[in-house]
Amino acid sequence: MKIYDFVGAPNPKKLRVYLAEKGLTIPCEQVNIVTGENRAPEFLKRNPLGGLPVLELDDGSCLAESLAIIEYLEDLNPTPPMIGTSPTERARVREVERIAELGVLFRVAAIFQNTHPFMANRLKQSPDTAENARNQLAGVVKALDARVGGKPLVAGERPSIADCTLFAAFEFAEFAQVTIDPACKNLARWYASAVGCSARSRVRMRPHERFNMSQTFANEYGQRRSLEATQRRACTYRRCGSGVLLPRCRCRSSTACSRTASANLNSADRSGVPHHIS
Ligand SMILES: N[C@@H](CCC(=O)N[C@@H](CS)C(=O)NCC(=O)O)C(=O)O
């Protein structure tokens with residue numbers, strides 16, 4: 029199997045967080061959506077819609093849609109379970125995952141698409157659409173915050189695909205400079221823990237993986253060498269303690285993780301680049 033990936037984009041990120049949490053390694057090839065590699069005829073044969081990620085199966089056929097890919101991999105690798113085990117658990121995980129994608133990630137994407145200069149010549153931007161999305165996002169985040177409460181994870185007792193999607197959505201919001209209401213303290217705490225643990229496990233975006241739209245992706249994706257280095261890296265991540273997201277990071281490394289998380293958030297606030305990630 030092989031994954032067609034783009035490190036800066038949220039749907040591929042959701043899949044990479046999932047792989048890291050599961051401890052799965054699948055070779056990755058980067059397809060640069062900024063320079064339009066995903067719209068080249070060769071790639072459109074794999075996914076006529078041009079979206080990433082795409083999973084190429086061993087028979088050469090391709091599977092698109094991040095959630096379909098994750099569910100396929102989950103069926104092949106049921107342990108540790110990340111979509112729940114009982115009907116109720118599975119329904120709850122999916123419920124929150126859908127809220128994370130449709131309620132949070134899609135709204136962040138709508139704000140980004142309708143406000144960011146990088147998107148200006150790609151579509152007709154609408155300030156009204158952005159404002160609607162901001163208002164809807166605020167409502168969803170508030171409801172999600174209440175739902176998460178004091179729990180370490182967003183759905184159930186163990187890391188799930190809902191955590192993966194929400195993490196990708198929040199990281200995208202950070203990049204797109206879309207503020208998640210800091211009054212939502214439960215989600216802030218959850219994200220700080222996930223950021224700390226994912227940084228240590230290298231799921232967190234590294235500096236060269238961050239978009240820099242003003243320089244048209246720093247002359248094609250932070251220069252060719254960075255891209256090549258990323259391509260060589262494949263989807264292999266060191267795991268943080270015994271897991272990527274909470275609560276397994278409460279094991280020996282919990283204090284370090286939360287300390288790292290706040291340092292990371294502070295430094296990310298200042299520079300957009302977490303200083304402790306090499
Ligand atoms: N619903 C799809 C969305 C795929 C998608 O649109 N991916 C984005 C990156 S997050 C992309 O490839 N955008 C570039 C484009 O469509 O040209 C999924 O979950 O995989």
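My numbering numbers the first residue of the sequence shown as 29 and each following residue consecutively. Think of the CB as a built atom: it goes at the ideal place given N, C-alpha and C, for glycine as much as any other residue.
Item                                                                                                                                                   : Value
State buried or exposed for Q205, treating a residue as buried only when at least 16 other CB atoms are found within 10 Å of its CB.                   : exposed
What do you reckon, are the CB atoms on S188 and G112 nearer than 9 Å?                                                                                 : yes
Could you give the first and the last residue of the continuous alpha helix (DSSP H) run that contains C212?                                           : C212 -> no alpha helix (DSSP H), and no H or E assigned at all.
Can you name, in chain order, every residue of its own chain whose Cβ lies under 8 Å from the Cβ of A196, other than the five neighbours on each side? : P38, N39, K41, K42, V45 and L133
Say yes only if the C-beta of F40 is nearer than 8 Å to one or more non-hydrogen atoms of ligand 1, and no if none qualify.                            : A small correction: the amino acid at residue 40 is Pro; Phe does not occupy that position in the sequence shown. Yes; taking the cut-off as 8 Å, the Cβ of P40 has a heavy atom of ligand 1 nearer than that.
Using the C-alpha atoms, what's the distance from C192 back to G78?                                                                                    : 22 Å
Check A48 in the structure and name its three-state DSSP category.                                                                                     : helix
Would N149 pass as an interface residue toward chain D - the criterion being a Cβ-Cβ separation below 9 Å?                                             : Absent from the structure: chain D. Only one protein chain is present.
Let me confirm a value: S114 is counted as buried when at least 16 other C-beta atoms fall within 10 Å, else exposed. Which label applies?             : exposed
Between which two residues does the alpha helix (DSSP H) containing E202 stretch?                                                                      : I189 to F203
Could you tell me the alpha carbon to alpha carbon distance between A171 and L95, rounded to whole angstroms?                                          : 23 Å
Among the residues of its own chain, which have a CB less than 8 Å from the CB of P155, if the five just before and after it don't count?              : N142 and T143
What residue range is occupied by the uninterrupted alpha helix (DSSP H) comprising I139?                                                              : F134 to T143
Starting from Q164, trace the alpha helix (DSSP H) both ways and give me its first and last residue.                                                   : P155 to V176
Are the beta-carbon atoms belonging to A369 and E123 less than 9 Å from one another?                                                                   : In the structure displayed, the chain extends from 29 to 306; residue 369 sits before or after that span and is not available.
Roughly how many angstroms separate the alpha carbons of Q251 and E65, rounded to a whole number?                                                      : The predicted model places Q251 with a pLDDT of 37, which falls under 50 and marks its position as unreliable, so this point remains unresolved.
Taking the straight line between their C-alpha atoms, what separation do you get for E102 and V176?                                                    : 24 Å
Kindly examine ligand 1 and report whether one of its heavy atoms sits closer than 8 Å to the Cβ of L95.                                               : yes
Let me confirm a value: G88 is counted as buried when at least 16 other C-beta atoms fall within 10 Å, else exposed. Which label applies?              : exposed
Could you tell me if L151 is buried or exposed, where buried requires 16 or more neighbouring beta carbons within 10 angstroms of its beta carbon?     : exposed
Which same chain residues, not among the five before or five after A161, have their C-beta less than 6 Å away from its C-beta?                         : R135, A138 and I139
Given that a residue counts as buried once 16 or more other Cβ atoms are within 10 Å of its Cβ, and exposed if not, what is R186?                      : buried
Please name the residue, chosen from Q153, L85 and W218, that lies closest to K30 on a Cα-to-Cα basis.                                                 : L85
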